[in-house]
Amino acid sequence: MSLSSKFNTATAQYLDQAGQVLEQYFRESVRFSKQPALNELAAVWEEYKFPNWDGYDALPVQSNALAYAYLIIRALPLGSPLPSVGAEPDGHLTLEWYRHPRWILSVSIGPEGTLYYAALFGNSDVRESEPFFGNIPKSILNLIQRVRPA
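Under our numbering, the first residue of the sequence shown is numbered 80, with each subsequent residue one higher.
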């Protein structure tokens, strides 16, 4: 039962509306949260920050790659699909957006801030690299939307 139906006053109506606005805000903040990807990034870092983590002389994930991956996840526009996080034997981190085996985008993040990306769309593919300067390049944002439309 809302306040306004129990107490027919302007104050009760105002409080009722304010409560509805806050409820909507919290629903959206959970839906648009980047926390699941940041939690996965932290877990990958903990597991792969040591040399030879794969038993085949893999390099540890480099702390600069971790910092860039964090900034990239935070730079994703609200409502963007979140990536899966992984590690590579060269010390880079990967962010991947996946629809199925022939529709995938993989972005490898080097410690110098270069984003190496490859995307597969059925029988066509894209392979490029771009520097990260705080904003995700439009080419990568377009590929994310192509793989995982919002």
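Heads up, the beta-carbon is just placed ideally off N, CA and C, and yes, glycines get one too.
Check: Counting pairs of beta carbons, one from the stretch 121 to 129 and one from the stretch 138 to 148, are three or more of them closer than 8 Å?; Outcome: yes
Check: Which of helix, strand or coil does DSSP assign to Ser-159?; Outcome: coil
Check: Comparing alpha-carbon positions, which option in Glu-191, Asp-204 and Gly-170 lies nearest Ser-185?; Outcome: Asp-204
Check: Give the C-beta separation of Pro-162 and Trp-176 to the nearest angstrom, bearing in mind that I take them to be a contact with Cβ-Cβ under 8 Å.; Outcome: 5 Å
Check: Comparing alpha-carbon positions, which option in Ala-148, Pro-160 and Ile-152 lies nearest Ile-166?; Outcome: Ile is not the amino acid found at residue 166; the sequence shown has Ala there. Answer by Cα proximity: Ala-148.
Check: Short of 7 Å in beta carbon distance, which residues of its chain neighbour Gly-192, apart from the five on each side in sequence? Order them along the chain.; Outcome: Tyr-147, Pro-210 and Phe-211
Check: Using the Cα positions of Ala-121 and Pro-160, report the straight-line distance between them to the nearest angstrom.; Outcome: 18 Å
Check: Spatial neighbours of Ala-144 within its chain, please: CB distance less than 6 Å, with the 5 preceding and 5 following residues excluded, ordered by chain position.; Outcome: His-171, Leu-172, Ile-188 and Pro-190
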